[in-house]
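Here's the structure, in structure tokens; my notes come after.
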Amino acid sequence: MNQAAETLTDYPDLEGAEMLRVRNLNAFYGESHILHGVDFDVKRGELVTLLGRNGAGRSTTLKAIMNMVGRRTGSIVINGNETLGMKPHRIPRLGIGYCPEERGIFASLDVEENLLLPPTVRSGGMSIDDIYAMFPHLYERRRSQGTRLSGGEQQMLAMARILRTGARLLLLDEITEGLAPVIVQALGEVLVKLKARGMTIVLVEQNFRFAAPLADRHFVMEHGRIIEEIGAAELASRRDHLNTLLGV
Ligand SMILES: Nc1ncnc2c1ncn2[C@@H]1O[C@H](COP(=O)(O)OP(=O)(O)OP(=O)(O)O)[C@@H](O)[C@H]1O
Ligand SMILES: [Mg+2]
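In the UniProt record's numbering, the protein residues as written are 1 to 248.
So, in structure tokens, the structure goes:
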């Protein structure tokens, strides 16, 4: 890659500036055409959800943003940088962190070792002390091996690792799935704190009761497209419509 392509622009840290812009995104796994022209954008400091029925393409959208699908066409601009031609390993350096459905904890390492592993992709990553202040539970479990952690602890660790890197845009896939209500509530409190720190968050979530109070806007996906955008203020009046779209 030439030098010009290595040079990254960085927009000023203004709330309301565009952090992510996805246009006419198509994604393929081999011959399977999964995303059919996904369009949405996320402003800096916003928390948006991707909602939809099973198989709608929400996880694929996050993977496509990270260049972890077979092939993509269209445009994905992250913090002012077009990333469609970018190699997967370069994308986190734009300050984007991805928490996949499978959490990817190193089972043979303890909590603190897991936290010490992530490379710093940008300045401003959280220190170990910052992490323990945000996730007191991880402090208590800092010497426990990955294999010994509960699902909720693993989820917290997976998120904490991303925060270590300095990422300012977080893509979170079903972080509450299968977790006890008390853990779900703790994760909600963490998201509120991250938002207060100015993080931009894209949340794929099945648990709408969890997501609704946190989100600024909701994007509904169906058959690999965004079919509806609903702002937080419209939610109450459009709740029945949304339930119909989601089939709940
Ligand atoms: N690796 C893959 N190869 C081929 N097809 C895939 C692959 N991963 C997902 N798909 C297909 O792509 C479609 C969208 O899947 P995706 O995982 O994005 O759905 P989703 O909206 O996250 O829903 P859920 O998580 O509830 O399954 C589905 O039809 C799925 O079968
Ligand atoms: Mg999914």
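For glycine and all other residues, C-beta sits at the position ideal for the given N, C-alpha and C.
Backbone secondary structure at residue i - three-state DSSP
| i | result |
| --- | --- |
| Gln206 | coil |
| Met134 | helix |
| Val48 | strand |
| Asn114 | helix |
| Leu25 | strand |
| Leu20 | strand |
| Tyr11 | In this predicted model, Tyr11 has a pLDDT of only 48, less than 50, meaning its place in the structure is not dependable; the value taken from the coordinates is given anyway. DSSP places Tyr11 in coil when its eight states are reduced to three. |
Whole-angstrom C-beta distance between residue j and residue i, which should lie under 8 Å
| i | j | result |
| --- | --- | --- |
| Leu25 | Ala64 | 6 Å |
| Leu163 | Ile131 | 6 Å |
| Val153 | Arg141 | One detail in the question is off: residue 153 reads as Glu in this sequence, not Val. At roughly 6 Å, the Cβ-Cβ gap stays under 8 Å, so Glu153 and Arg141 are in contact. |
| Asp39 | Ile230 | Going by Cβ atoms, the distance from Asp39 to Ile230 rounds to 15 Å, so no, they are not a contact pair. |
| Arg72 | Ala27 | 5 Å |
| Asn67 | Ile96 | So it is not a contact: roughly 11 Å between Cβ atoms. |
Other residues of its chain near residue i: CB distance less than 7 Å, five sequence neighbours each side excluded
| i | result |
| --- | --- |
| Glu18 | Asp41, Lys43 |
| Gln206 | Glu174, Glu177 |
| Ala158 | Cys99, Arg103, Gly104, Ile105 |
| Ala211 | Thr49, Leu203, Glu205 |
| Gly30 | Gly70 |
| Ala114 | Correcting the residue identity first, residue 114 is Asn in this sequence and not Ala. Excluding positions up to five away in sequence, the list reads Ile105, Phe106, Gly146, Leu157, Arg161. |
Close-in-space but distant-in-sequence residues of the same chain around residue i (CB under 6 Å, 5 per side omitted)
| i | result |
| --- | --- |
| Leu47 | Lys195, Ile201, Leu214, Ala215, Asp216 |
| Gly247 | Arg53 |
| Arg143 | Asp110 |
| Ala233 | none |
| Ala186 | none |
Proximal residues to residue i (C-beta, below 8 Å), its chain only, five neighbours per side dropped
| i | result |
| --- | --- |
| Ser123 | Gly166 |
(request) Counting only runs of 3+ residues fully inside the segment 217-245, write out the beta strand (DSSP E) ranges in chain order. (result) 217-222, 225-231
(message) Give the residues whose C-beta lies closer than 7 Å to at least one heavy atom of ligand 2, in chain order.
(response) Arg58, Ser59, Glu101, Asp173, Glu174, Val204
(request) Counting only runs of 4+ residues fully inside the segment 122-189, write out the alpha helix (DSSP H) ranges in chain order. (result) 128-134, 136-140, 151-164
(message) Just to confirm the assignment: which complete alpha helix (DSSP H) runs, minimum length 4, are found wholly within the segment 27-111?
(response) 58-65
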